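First residue of the sequence shown? That's 29 in my numbering, and the numbers climb one at a time after it.
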Amino acid sequence: MADFSNKVVYQIYPKSFRDTNGDGFGDIPGVIEKLDYLQELGVDYLWLTPFFPSPQHDNGYDVADYCAVDPKFGTMEDLEELIRQSEARGMGLMLDMVFNHTSTEHTWFQQALAGDETYQKYYIFKDGRPDRIPTNWQSKFGGPAWEYVPALKKWYLRLYDVTQADLNWDNPRVREELKEILRFWKNKGIKAFRFDVINLVSKPEVMEDDFLGDGRRFYSDGPHIHEYLKELVRDAGIEDFVTVGEMSSTSVEHCIRYSAPEEKELSMCFNFHHLKVDYKDGDKWALMPADYQKLKELFIEWQIQMQKGHGWNALFWCNHDQPRIVSRLGDETAYWKQSAKMLAGMIHFMRGTPYIYQGEEIGMLNAHYPSIEQYRDVESLNYYQILLKNGKTEREALETLAARSRDNSRTPMQWNGERYGGFSETEPWLPMSAGFRNEITVEAQQNDQDSILSFYKKLIAMRKMYPVIAEGEISFLETETDRVLAYQRKLGEQQIVVFCNLDGEKHTVKADGDWRGDPVLLENYEARQMDPEGETYTMEPYEFMVLGKV
Ligand code: GLC
Ligand code: CA
Numbered sequence: 029m030a031d032f033s034n035k036v037v038y039q040i041y042p043k044s045f046r047d048t049n050g051d052g053f054g055d056i057p058g059v060i061e062k063l064d065y066l067q068e069l070g071v072d073y074l075w076l077t078p079f080f081p082s083p084q085h086d087n088g089y090d091v092a093d094y095c096a097v098d099p100k101f102g103t104m105e106d107l108e109e110l111i112r113q114s115e116a117r118g119m120g121l122m123l124d125m126v127f128n129h130t131s132t133e134h135t136w137f138q139q140a141l142a143g144d145e146t147y148q149k150y151y152i153f154k155d156g157r158p159d160r161i162p163t164n165w166q167s168k169f170g171g172p173a174w175e176y177v178p179a180l181k182k183w184y185l186r187l188y189d190v191t192q193a194d195l196n197w198d199n200p201r202v203r204e205e206l207k208e209i210l211r212f213w214k215n216k217g218i219k220a221f222r223f224d225v226i227n228l229v230s231k232p233e234v235m236e237d238d239f240l241g242d243g244r245r246f247y248s249d250g251p252h253i254h255e256y257l258k259e260l261v262r263d264a265g266i267e268d269f270v271t272v273g274e275m276s277s278t279s280v281e282h283c284i285r286y287s288a289p290e291e292k293e294l295s296m297c298f299n300f301h302h303l304k305v306d307y308k309d310g311d312k313w314a315l316m317p318a319d320y321q322k323l324k325e326l327f328i329e330w331q332i333q334m335q336k337g338h339g340w341n342a343l344f345w346c347n348h349d350q351p352r353i354v355s356r357l358g359d360e361t362a363y364w365k366q367s368a369k370m371l372a373g374m375i376h377f378m379r380g381t382p383y384i385y386q387g388e389e390i391g392m393l394n395a396h397y398p399s400i401e402q403y404r405d406v407e408s409l410n411y412y413q414i415l416l417k418n419g420k421t422e423r424e425a426l427e428t429l430a431a432r433s434r435d436n437s438r439t440p441m442q443w444n445g446e447r448y449g450g451f452s453e454t455e456p457w458l459p460m461s462a463g464f465r466n467e468i469t470v471e472a473q474q475n476d477q478d479s480i481l482s483f484y485k486k487l488i489a490m491r492k493m494y495p496v497i498a499e500g501e502i503s504f505l506e507t508e509t510d511r512v513l514a515y516q517r518k519l520g521e522q523q524i525v526v527f528c529n530l531d532g533e534k535h536t537v538k539a540d541g542d543w544r545g546d547p548v549l550l551e552n553y554e555a556r557q558m559d560p561e562g563e564t565y566t567m568e569p570y571e572f573m574v575l576g577k578v
């Protein structure tokens, strides 16, 4: 088993990271250019979202060829250079394997369309009439989950876009093909994999209407999922790799099985429950203020249960599908810096492996686009229409997108204060965030000891310095308000205690544990101390404090 408890992963969305040839589209040479920056940050793995040939209907998550580089991103030689240069700096590449579906432009699907039955069996085709959809399941991007092909008189399943056809994992030939792809990348020197929506790949044998929901209860953590994962990892020879599965609408019980070392499935799991606490009735497109009680309960449940079951969490707030966390749970103006640091620290000291999404380390904000023309994301554009159809005004629909769109995190990386943030010399494929300001750039923060960027460097360095952060046992402290989260980690004689004020108001905590009087290891306000004599301690807005004996 790979040891990943003291590692940190940095996620790169290459399309928006750095454009070196002036076409407004980020590229692999752009990643190479920034390797020194990433090494200095101190991260261990670079997760690259898909750069494979793709029609880009879902920004590369619609893969047309798993073993090549899309010319928009560069060449295979560029990628090999990136692998070499990352390795020379002590970093490994993590590739993003989109194995639930392929692009409809993939040769497998094209051959299926041309009538080849061997390839039709690679997908989930159902015979039928155009007026008889096989089930009432809904696509994750809105609308029905099935598409009709008149020439074949068949429907095919597509849980995402119509150009993303779900693969049939019950066909052993499909599973062999996927193993072959993993071996190909392993031979190239890839060290880690992220598996896209991997818990959706095992579909039920009988497909029936869902009268209680959108169908997800039938195919999430499906019947053969654990068996298929074990087989894939074993046969592809990647047992020693760092692997992370993206788990959609999953349960802690399943995630224990996915990630407990004795199961030999994956190293760790992403789950999204903590990022739905501001969804009204579980609906991403219905706005609601965050439920902090729920947020706390979810962290406590997942941390404690995964620990009990020997599971391992991927710790994260941000990725290419989520709005920026400072805009969401922090404060974009008065407490921008404090809230960004507090949110970072809150998850970095937990039990699991932290993930940093590009721009998070400088406190980047949501896109704040004033018009629909600025959006590119297929899900956002679909839901904009759905919201209008459901009676929302244009303004309301735009407000919802401003809070929920995936484009919030996909705006170009802000390297410096130039017009296009040093991302490109030309107009980028997606407009800059309207929240772009000079202090939210790498250039402004890299020599400032008090910056968000410097704080992230400290968090990463501390995980490597103090085994209690990587390996310690976690327990949570009781607090009187749902706006404060506090926890303790212990390993032998070492211990730390972490206090996070999630609120823009002050809150008081009891200062009465066995940690009382321990020195401050890290904080986000200058020269704050917990009075060793006092019974209570009053936290400033978004204050973050770590005490410890390490
Ligand atoms: C995952 C990806 C997302 C993509 C979807 C379909 O959720 O993170 O970007 O749209 O899978 O591949
Ligand atoms: Ca480019």
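A virtual CB, placed ideally from N, CA and C, is assigned to each residue, including glycine.
Only a predicted model underlies this, so the values are computations on that prediction, with no experimental measurement involved.
Would you identify the three-state DSSP class for residue i, choosing helix, strand or coil?
i, result
"Arg-239", "The question names Arg, but residue 239 in the sequence shown is Phe. Phe-239 falls in the coil class under three-state DSSP."
"Ile-328", "helix"
"Leu-530", "coil"
"Lys-182", "strand"
"Pro-560", "coil"
"Met-29", "The predicted model places Met-29 with a pLDDT of 49, which falls under 50 and marks its position as unreliable; any figure quoted below should be read in that light. Of the three classes helix, strand and coil, the one that applies to Met-29 here is coil, per DSSP."
"Gly-373", "helix"
"Ser-479", "coil"
"Ile-152", "coil"
"Met-490", "helix"
"Ile-161", "coil"
"Asp-194", "strand"
"Asn-341", "strand"
"Arg-244", "helix"
"Leu-74", "strand"
"Asp-224", "coil"
"Ser-131", "strand"
"Trp-136", "helix"
"Cys-583", "Limits of the chain in this structure are 29 at one end and 578 at the other, which puts residue 583 out of reach."
"Phe-572", "strand"
"Phe-79", "coil"
Between the options, which has its C-alpha nearest residue i's C-alpha?
i, options, result
"Pro-547", "Glu-521, Gly-576, Arg-556 and Glu-571", "Gly-576"
"Gly-500", "Ala-489, Val-574 and Gln-522", "Gln-522"
"Tyr-94", "Arg-112, His-134 and Asp-194", "His-134"
"Pro-200", "His-535, Asp-189, Phe-239 and Lys-149", "Lys-149"
"Phe-504", "Val-525, Lys-219 and Tyr-176", "Val-525"
"Met-567", "Met-370, Val-225, Asp-90 and Gln-402", "Met-370"
"Lys-182", "Tyr-151, Asp-189 and Ala-220", "Tyr-151"
"Lys-365", "Pro-78, Asp-476 and Gly-273", "Asp-476"
"Ala-142", "Pro-81, Arg-117 and Ala-179", "Ala-179"
"Phe-212", "Gly-241, Tyr-184, Asp-263 and Asp-86", "Asp-263"
"Val-272", "Val-36, Gly-520 and Trp-543", "Val-36"
"Leu-210", "Arg-245, Ala-173 and Phe-269", "Phe-269"
"Tyr-570", "Glu-389, Tyr-363 and Met-378", "Tyr-363"
Given a cut-off of 8 Å, decide if residue j and residue i are closer than it, judged by their beta-carbon atoms.
i, j, result
"Arg-222", "His-129", "no"
"Tyr-307", "Cys-297", "no"
"Lys-258", "Tyr-247", "no"
"Gly-52", "Phe-45", "no"
"Met-541", "Pro-560", "Residue 541 is actually Gly in this sequence, not Met. It is not a contact, given that the beta carbons lie outside the stated cut-off."
"Ser-82", "Asp-98", "yes"
"Val-229", "Trp-197", "yes"
Ordered along the chain, which non-local residues of its own chain (more than five positions away) have a Cβ less than 7 Å from that of residue i?
i, result
"Leu-74", "Tyr-38, Ile-40, Leu-66, Ser-114, Met-119, Leu-121 and Met-122"
"Ala-368", "Val-354, Gly-358, Gly-391 and Ile-480"
"His-302", "Leu-323, Leu-326 and Phe-327"
"Ile-414", "Gly-170"
"Leu-426", "Ile-400"
"Asp-237", "Thr-163 and Asn-164"
"His-535", "Thr-509, Arg-511, Val-512, Asn-529 and Met-567"
"Val-126", "Pro-78, Tyr-89, Val-91 and Asp-224"
"Tyr-176", "Pro-158 and Trp-183"
Short of 6 Å in beta carbon distance, which residues of its chain neighbour residue i, apart from the five on each side in sequence? Order them along the chain.
i, result
"Met-29", "The pLDDT assigned to Met-29 is 49, lower than 50, so where the model puts this residue is not dependable; a value taken from the coordinates is nonetheless given after this. Correct list, in chain order: Pro-289."
"Tyr-494", "Val-578"
"Thr-132", "Thr-191 and Ala-193"
Ignore the nearest five residues each way along the sequence and tell me which others in residue i's own chain have a CB closer than 8 Å to its CB.
i, result
"Thr-48", "Asp-55, Pro-57, Gly-58 and Glu-61"
"Gly-373", "Phe-483, Leu-487, Val-526, Cys-528, Leu-550, Asn-552, Phe-572 and Val-574"
### Message
Any contact between the region 314 to 332 and the region 381 to 396? By contact I mean 3 or more CB pairs, one from each, below 8 Å.
### Response
Counting C-beta pairs with one atom in each stretch, the region 314 to 332 and the region 381 to 396 have fewer than three that are closer than 8 Å, which means they do not touch.
### Query
Would you call the region 433 to 443 and the region 458 to 469 touching, i.e. three or more CB-CB distances under 8 Å?
yes
### Task
Assess, as a yes-or-no matter, whether the region 202 to 213 is touched by the region 153 to 161 under the definition of 3 or more beta carbon pairs within less than 8 Å.
no
### Query
Quick check: the region 504 to 515 against the region 525 to 541, are there 3 or more CB pairs under 8 Å?
yes
### Message
Does the structure place the region 424 to 436 close enough to the region 307 to 322 that three or more beta carbon pairs sit under 8 Å?
### Response
yes
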